[in-house]
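Working notes, structure below.
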Amino acid sequence: LDHKPRPPRPPQGAVRRGCAAALRRAGGARGAAMGRAAAALAAGLVLAAQSAAALSTPPPQSVSSAKTMESFDSVVQTTYGRVPLVVDHGKGCLLYSDDGREFLDFAAGISTNLLGHAHPKLVEAVSRQIGRISHCSNLYYIPQQGDLARWLVDNSVADRAFFCNSGAEANEAQIKLARKHAATRLGIEEPVIITAENSFHGRTLTAITATGQPKYQKHFGPLTPGFEYVPYNDVEALRAKVAEVNAGLPKRGLAAILLEPLQGEGGIRPGALDFFAEARRLCDETGALLLLDEVQVGMGRTGRLWGYENLGGVEPDAFSLAKALGGGVPIGAMLCKASCDVFEAGDHASTFGGNPLACAAGLAVAAAVEEEGLVENARSRGDQLRRLLRELGKDFPGVITDVRGWGLIDGVELSPSSAPTAAEVAKRCLSEGLLVVPAGLHVVRFVPPLVCTSEDVERAVGSFRKALETALEAAKD
């Protein structure tokens, strides 16, 4: 690949002002042109949203939680293992059930609610935007999409952005990009993409094929052809697999290596520097693309804006985003360097991708990340969280076997032989007013909003201690 030198990035302050200016444009001159009626509607929506966010207790419910769950289960497919919690509203790092219970949310919609719940910037931006225009076709220019793409490009190694709605779609986009690149630039007829065992890349058919976990693929065959797998962080296995794949050249060859900088669903496993350095070297040597899945770690969660910034200088050719990008409003993105931007008109599309509403949310999240120092907060609160969890581990020898992670994506590994499963502990945490989620059978995942405080972290670890004690006691019975 021809890695062309990039022009210098603007200083952080300039980026911040650019983001703020984009938000002002979204509600300034163009908004005035919509007339007084639209302005009145937007103002009313803002007031209504702020009033809802300010609630400290849930409103009265006409039906009980049990009735709500019974009605829900009668019409919604059972594709999720839901716990008996009916959500009513949230504020900051707190979530409230319809029966008035308060929960400290250290799940954050599984690494999605970057700003917590009902963040003023996000409420205001979305309320204002929906009062003007929420959706239009990508056949037209959408200023909010251009502004968000500019922020992403200016703050990463990428040159171009494609917008969609989810992480799976973003990964599908970069898989298609890699296949076309292999066909048009490398002359490969049967492109192969190497991914890691215990990875997770989404739930579409191709995304579960890319996911190196058979449990997600069971009964959904035949799977998409063209994927091979290696153990995560195994340098020798990666070298051997690349050699095996490229033995079929010129017909069959390596199109890309697709990896998570830190495996989320695979157990909160950070990438090894030598593994990613070798992946980059192999891609440079063969002309293949290095693709990174930043869906769970991007937008500051790792204590750096992007997960790849933890990998010792390794840069991807393309990477995927979703989850935190919209702070809870559905949006995904695939970003790539100009050197591999082989898409042309008609190659890829998304009806809702990059619509004004989702991009207004993305711009609000970007502004909050910069103005509130959330990357730095993720780093400091993450250090605190891991330190307290490791101290807790000393009180549970043989039960807690490891604490690991980056920033505010952290995992507590439990011994398979002497501890309850992660799912059982997560259920006990629910009883203690703490929301966490498993990352595999034996790892409890902590992914709180990036706005969490030191007091929130202390409370979470205290609740986790009580839940673990209760789970261990129940296991004796």
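For what it's worth, the numbering used here labels the leading residue of the sequence shown as 5, then goes sequentially. Here a beta-carbon is modelled for each residue, glycine too, at the ideal position from N, C-alpha and C. Only a predicted model underlies this, so the values are computations on that prediction, with no experimental measurement involved.
Item	Value
Note down, in chain order, each residue of its chain lying with its Cβ closer than 7 Å to the Cβ of G216, except the 5 sequence neighbours on either side.	T199, A200, E201, N202, S203, Y233
Could you tell me the boundaries of the alpha helix (DSSP H) in which K125 lies?	124-134
Which stretch, first to last residue, makes up the alpha helix (DSSP H) that contains A365?	360-375
Kindly indicate which residue of T228, F224, I261, V130 has the alpha-carbon position closest to the one of N237.	I261
Does the beta-carbon of H93, which I'm using as the reference point, lie nearer than 6 Å to any heavy atom of the ligand FAD?	Inclusion of the ligand FAD in the displayed structure is not the case, the ligand content being empty and no account of it being possible.
Quick one: is P147 buried, meaning 16 or more other Cβ sit within 10 Å of its Cβ, or exposed?	exposed
Along the alpha helix (DSSP H) that carries T427, what are the first and last residues, could you check?	Residue identity differs from the one stated: residue 427 is Ala in this sequence, not Thr. Run containing A427: 426-435, per the alpha helix (DSSP H) assignment.
Which residue's Cα is closest to the Cα of A337: D102, D103, R273, A322?	A322
Measuring CB to CB, does V239 end up less than 7 Å from F280?	no
Nearest CA to the CA of Q120: which residue from P453, G386, D345?	It should be noted that the sequence gives Gly, not Gln, for residue 120. The shortest C-alpha separation from G120 is found at P453.
Nearest-angstrom Cα distance between K470 and R463?	11 Å
I'd like to know if the segment 132-149 and the segment 347-366 are in contact, where contact means that at least 3 CB-CB pairs between them fall below 8 Å.	yes
So W155 and A326 are in contact, right, with Cβ under 8 Å, and what is the actual spacing, rounded?	The Cβ separation is near 16 Å, so there is no contact.
With H93 and Y84 assumed to form a contact (beta carbons below 8 Å), what rounded beta-carbon distance in angstroms separates them?	Wrong, their Cβ atoms sit about 21 Å apart, outside the cutoff.
Between the Cα of I335 and those of L315, A368, R391, V318, spot the shortest distance and give me the residue it belongs to.	A368
How big is the Cα-Cα spacing for N314 and S68?	47 Å
Which class does D288 belong to by DSSP, given the choice of helix, strand or coil?	helix
Write down the C-beta distance between H205 and N175 rounded to the nearest angstrom, noting that I regard them as a contact closer than 8 Å.	5 Å
Output the distance between the C-alpha atoms of D297 and A214, rounded to the nearest integer angstrom.	11 Å
If you check the beta carbons only, do G444 and L412 fall under 7 Å apart?	no
Mark V80 as exposed unless 16 or more other C-beta atoms lie within 10 angstroms of its C-beta, in which case mark it buried.	exposed
Between K219, I192, P442, G358, which has its C-alpha nearest G252's C-alpha?	I192
Smallest Cα separation from E477: which of V403, L439, E459?	V403
Between the Cα of K255 and those of T188, V461, L309, spot the shortest distance and give me the residue it belongs to.	T188
From the DSSP output, in three-state form, read off M303 for me.	coil
Quick one, which of W410, A427, P195 has its alpha-carbon nearest T290's?	P195
If you compare alpha carbons, which of R383, F400, V448 is closest to S458?	R383
For R273 and V157, I'd like the C-alpha separation in whole angstroms.	27 Å
Check the C-beta distance from L263 over to G271 and give it rounded, since I have them as a contact under 8 Å.	Contact doesn't hold; Cβ gap of about 15 Å is too wide.
Between the Cα of V407 and the Cα atoms of L143, R390, I197, which residue gives the shortest distance?	R390
Considering only residues of the segment 249-286, which uninterrupted beta strand (DSSP E) runs meet the minimum length of 3 residues and lie entirely inside it, listed in chain order?	256-263
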